[in-house]
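Participant:
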């Protein structure tokens with residue numbers, strides 16, 4: 646099935662939801678704090694930091710797409726036995742993940758570094774090692790929040806899944822770049838600490854909403 650076979654409003658909602666989920670997911674400190682710290686330690690310029698961010702973000706989505714593809718293949722085979730159940734599984738996963746992030750945000754406060762400023766000593770590792778270390782860090786961990794989107798669209802075809810992956814890539818790289826640059830500019834203590842508190846709430850509500858949309862669309 647091509648993107649044109651899917652209703653235009655539904656396709657736009659799907660891609661918009663995927664982009665928003667990826668952007669919000671990129672606000673998690675694991676997606677930007679290492680780049681700020683390593684960039685400072687290595688004395689990287691802004692282009693060097695953004696290069697590492699973009700490469701690591703794309704590697705992160707590549708791994709997510711690979712795992713998502715395996716989920717789709719397994720899901721299609723499974724659907725022969727329980728036709729029509731996959732969308733409900735996807736909606737349930739999105740809903741549960743949304744509840745998880747929402748509840749975690751409500752009962753936990755983000756822990757931000759509040760110690761003394763780091764001394765900018767001479768880099769202890771090569772720039773190449775630092776760069777690829779950051780890339781491998783994210784490449785080794787697929788975005789678990791994004792995986793249910795693949796399951797929910799298992800029957801829509803490769804073109805829709807490819808468009809969804811591009812939306813994930815755009816949202817992830819843009820989100821990582823924005824929050825990395827904000828933290829690098831010195832806004833992390835005041836601005837991003839405040840954002841980190843509400844990021845979980847926003848991400849949770851977004852996932853719950855998408856889950857409900859998936860369930861109602863396939864009803």
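Residue numbers (my numbering): 646 to 864.
Even for Gly, the Cβ is constructed at its ideal location relative to N, Cα and C.
#1: Please state whether DSSP places residue 748 in a helix, a strand or coil.
#2: Identify, in the order they occur along the chain, each residue of the same chain with its Cβ nearer than 8 Å to the Cβ of residue 701, setting aside the five sequence neighbours on each side.
#3: For my contact list, residue 817 and residue 716 are in at a C-beta cut-off of 8 Å; report their separation, rounded to the angstrom.
#4: Among 815, 830, 812, 743, whose alpha-carbon lies nearest the alpha-carbon of residue 690?
#5: Do you know whose CA, among 774, 741, 675, lies nearest residue 854's CA?
#6: How far does the alpha helix (DSSP H) with residue 687 in it reach, from first residue to last?
#7: Using C-beta distances below 7 Å, list every residue in its chain close to residue 703, excluding the 5 sequence neighbours before and after it, in chain order.
#8: Under a three-way DSSP split, which group does residue 762 fall into?
#9: Ignore the nearest five residues each way along the sequence and tell me which others in residue 744's own chain have a CB closer than 8 Å to its CB.
#10: Taking the alpha-carbon positions, what's the residue 808 to residue 791 distance?
#11: Buried or exposed: where does residue 866 fall if 16 or more other Cβ atoms within 10 Å of its Cβ makes it buried?
#12: Would you kindly work out how many angstroms separate the C-alpha atoms of residue 683 and residue 653, rounded to a whole number?
#13: So, under 8 Å CB-CB, residue 861 and residue 698 are touching, yes? Tell me the CB distance rounded to an integer number of Å.
#14: Rounded to a whole number of angstroms, what is the C-alpha to C-alpha distance between residue 668 and residue 789?
#15: Looking only at its chain, what residues have a beta carbon closer than 6 Å to the beta carbon of residue 710, apart from the 5 residues adjacent to it on each side?
#16: If we count the other Cβ atoms within 10 Å of its Cβ and call it buried at 16 or more, is residue 674 buried or exposed?
#17: Which one of 857, 858, 856, 847 has the shortest CA to CA distance from residue 748?
#18: Less than 8 Å separating the beta-carbons of residue 696 and residue 736?
#19: Considering only C-alpha positions, which residue in the set 803, 794, 828, 776 is nearest to residue 665?
Facilitator: Reading from the atomic positions:
#1: As a working mapping, residue 748 is identified with position 103 in the chain shown. Correct three-state label for residue 748: helix.
#2: Position 56 of the chain shown, counted from the first residue, corresponds to residue 701. Only 680, 779, 780, 782, 783, 784, 821 meet the Cβ criterion.
#3: Reading the chain shown from its first residue, position 172 is the one you call residue 817. Reading the chain shown from its first residue, position 71 is the one you call residue 716. Contact doesn't hold; Cβ gap of about 18 Å is too wide.
#4: As a working note, residue 690 is residue 45 in the chain shown. With distances taken between Cα atoms, residue 690 lies closest to 830.
#5: By one-based count along the chain shown, residue 854 stands at place 209. It is 741.
#6: To locate residue 687, count along the chain shown from 1; it is residue 42. Here the alpha helix (DSSP H) through residue 687 covers 678 to 687.
#7: Here residue 703 refers to the residue found at position 58 when the chain shown is read from its first residue. 814, 818, listed in sequence order.
#8: Locating residue 762 in the chain shown gives position 117, where the first residue counts as 1. In this predicted model, residue 762 has a pLDDT of only 45, less than 50, meaning its place in the structure is not dependable; the value taken from the coordinates is given anyway. Here residue 762 sits in coil by DSSP.
#9: For the purposes of this step, residue 744 is taken as residue 99 along the chain shown, with counting starting at 1. Excluding residues within five positions, the ones whose Cβ falls inside 8 Å are 849, 853.
#10: The residue given as residue 808 occupies position 163 in the chain shown. The residue given as residue 791 occupies position 146 in the chain shown. Using only the alpha carbons, I get a separation of about 14 Å.
#11: Only positions 646 to 864 of the chain appear in this structure, which leaves residue 866 out of reach.
#12: As a working note, residue 683 is residue 38 in the chain shown. As a working note, residue 653 is residue 8 in the chain shown. C-alpha separation (whole angstroms): 43 Å.
#13: Position 216 of the chain shown, counted from the start, is the residue given in the question as residue 861. Position 53 of the chain shown, counted from the start, is the residue given in the question as residue 698. Not really, about 36 Å apart at Cβ, beyond 8 Å.
#14: Indexing the chain shown from 1 puts residue 668 at position 23. Indexing the chain shown from 1 puts residue 789 at position 144. Each residue's alpha carbon lies about 14 Å from the other.
#15: Numbered from its first residue, the chain shown carries residue 710 at position 65. The residues are 810.
#16: Position 29 of the chain shown, counted from the first residue, corresponds to residue 674. By the neighbour-count rule (16 or more Cβ atoms within 10 Å), residue 674 is buried.
#17: Stepping through the chain shown from its first residue, residue 748 is reached at position 103. The shortest C-alpha separation from residue 748 is found at 847.
#18: The residue you call residue 696 lines up with position 51 of the chain shown. The residue you call residue 736 lines up with position 91 of the chain shown. No, the pair does not count as a contact, with Cβ atoms beyond the cut-off.
#19: The residue given as residue 665 occupies position 20 in the chain shown. The shortest Cα separation from residue 665 among 803, 794, 828, 776 belongs to 794.
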